[in-house]
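Read through the structure below, which is laid out as structure tokens, and then see the notes.
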Amino acid sequence: MSITYKKDEKDLKNNTNNSKKKFIAKEFQSLLCVFTALRGTQITIQLRSNCEIYGTITNVDAYLNIELSDAKLTNTRYKNKRDEHVQEILIQSRNIRFIQIPDKIDLNSLLYLYSKQLSQSKKKYERTLRKPPPPTK
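Sequence positions in the sequence shown follow the UniProt record's numbering and run 1 to 137.
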């Protein structure tokens, strides 16, 4: 039984490595890489409920749920717009109508820097081959 356990363990390791590669590839095929590269910038998000939220992106998860800090919530449903200041807010992706990215942001350079960070972090956790032991006399 211990032999099959080791084989299963090796298969699990191989599967996790493949899934990491697939996740990185999928991340670049979706908008996730854009929003993770925009971390720390201020954007405006309009919700399906006709509310607008202006704040700084602090986190984006794999489901495109966006976490903003120092956000200003404007409710446009009423004639007199009400502004509320919120320290932190989590917006679910299904509630987002559209996201306004400021024109001054160069997305090409941001995505290039983000891809460099990903490749550096990937190299950081890669296993290297051990040096062979010195020959004995």
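Glycine is no exception: its CB is placed at the ideal position from the N, C-alpha and C atoms.
- Shown here, Arg39 sits in coil according to DSSP, grouped into three states, outside any helix or strand.
- Here DSSP, grouped into helix, strand and coil, assigns Ser49 to coil.
- The alpha-carbon of Ala71 is positioned some 19 Å away from that of Ile105.
- In this structure, Ile45 and Ile101 do not form a Cβ contact; the two beta carbons are roughly 10 Å apart against a cut-off of 8 Å.
- In the three-state scheme derived from DSSP, where H, G and I count as helix and E and B as strand, Asn65 is classed as coil.
- The DSSP-derived three-state label of Leu118 is helix.
- C-alpha of Ile89 to C-alpha of Arg130: approximately 47 Å in a straight line.
- Distance from the Cα of Leu38 is smallest, within the candidate group Leu118, Gln120, Tyr114, for Tyr114.
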